[in-house]
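Visitor: Sharing a structure with you now.
In our numbering, the protein residues as written are 1 to 296.
Below is the structure:
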């Protein structure tokens, strides 16, 4: 399978690099909401389903776990096959904007993932640079995202705005966090899952300056994708990481990492060998790989 072959190549590349042993402090006072994180994860899982299934909100387990979703619209770029959806959850009074990750069978998605060349970031005045593939992928759906946010915030003016995504979708969600913020939208929650690094240290500082509120980058044990692109290539994760060792008793196993200045070696960056594709698909007790083929 192309997904496994390419990921193995990436894993072998990542595992050749080490990390300093200096530990950072685990900050348990951040407002991480595990119940909300689980709900948003099901939205991410739903994003892998066929568009017609998403619009009908009939996507097996992810939809049955979040049954209140309505006013759903798809956004998609047929050129690079990136996609996601927006909608309204009346039970929690939340507008949800979700970005799908890499499709295992999509060469176009993998081309964007592997395009590690940096490019200047126009929203940043501090000479930020970002992963060119992720940036171009997001710009292909940027107008649709802004229009979805305008439509839903006008229709539901008192609702909270949530941005989320898995894998490549986590990178796209990071770009959406920036562009929505600079366009005047108030984002109440940002949760990504298994996201790759998006930009350099200047980008990290820029995101922190325009969006100082809590935002969470959820990681799972030996998931290889959060290690890409590599730090030695000049990339730096945005904060804050919520790291899970496993999900059998996941409510007891989360570490909220203090990564204000560098990534915490007590969190996902402690795992640079024996990386696992399964850990990338399995978050908060639900393995989306099981559901992706079922709901096509």
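C-beta: ideal position from N, C-alpha, C; glycine also.
#1: In this structure, how does DSSP classify residue 100 when only helix, strand and coil are distinguished?
#2: Count the other CB atoms within 10 Å of the CB of residue 321; is the residue buried (16 or more) or exposed (fewer)?
#3: Put residue 263 into one of helix, strand or coil per three-state DSSP.
#4: For a test of the three-state rule: what should DSSP assign to residue 186, helix, strand or coil?
#5: Which same chain residues, not among the five before or five after residue 71, have their C-beta less than 6 Å away from its C-beta?
#6: Determine contact between the stretch 155-164 and the stretch 181-200, defined as no fewer than three beta-carbon pairs at a distance below 8 Å.
#7: Going by Cα to Cα distance, which pick from 73, 202, 268 is closest to residue 218?
#8: Quick one: grab the DSSP three-state call for residue 155.
#9: State yes or no: is the C-beta of residue 47 within less than 8 Å of the C-beta of residue 100?
#10: Alpha carbon to alpha carbon, how far is residue 234 from residue 186?
#11: Could you give the DSSP three-state label for residue 89: helix, strand or coil?
#12: Using only CA atoms, which one of 194, 40, 91, 209 lies nearest to residue 98?
#13: For residue 145, collect the residues of the same chain with a Cβ closer than 7 Å to its Cβ; drop the 5 residues on either side in sequence, then sort them by chain order.
#14: Rounded to whole angstroms, how far is the Cβ of residue 254 from the Cβ of residue 31, which I believe are closer than 8 Å?
#15: Compute the Euclidean distance between the alpha carbons of residue 198 and residue 66, then round it to the nearest angstrom.
#16: Are the beta-carbon atoms of residue 256 and residue 207 separated by less than 8 Å?
#17: Would residue 283 be called buried (16 or more neighbouring beta carbons within 10 Å of its own) or exposed?
#18: With H, G and I counted as helix, E and B as strand and the rest as coil, what does DSSP make of residue 228?
#19: Compute the Euclidean distance between the alpha carbons of residue 298 and residue 130, then round it to the nearest angstrom.
#20: Got a sec? Which residues, its chain only, sit under 8 Å from residue 155 by beta carbon, not counting five neighbours each side?
#21: Given that a residue counts as buried once 16 or more other Cβ atoms are within 10 Å of its Cβ, and exposed if not, what is residue 213?
#22: Taking C-alpha atoms, which residue in 230, 247, 279 lies nearest to residue 118?
#23: Taking DSSP's pairing of strands, which residues face residue 166 in a bridge?
#24: Would you identify the three-state DSSP class for residue 282, choosing helix, strand or coil?
Guide: Let me spell this out:
#1: coil
#2: Because residue 321 is not part of the residues shown, which for the chain are 1 to 296, the question remains open.
#3: coil
#4: coil
#5: 87, 88
#6: yes
#7: 268
#8: helix
#9: yes
#10: 30 Å
#11: strand
#12: 40
#13: 75, 97, 176
#14: No, residue 254 and residue 31 are not in contact; Cβ-Cβ is about 13 Å, not under 8 Å.
#15: 29 Å
#16: no
#17: buried
#18: coil
#19: Shown here, the chain extends from 1 to 296; a query on residue 298 therefore has no answer.
#20: 71, 88
#21: exposed
#22: 230
#23: 193
#24: strand
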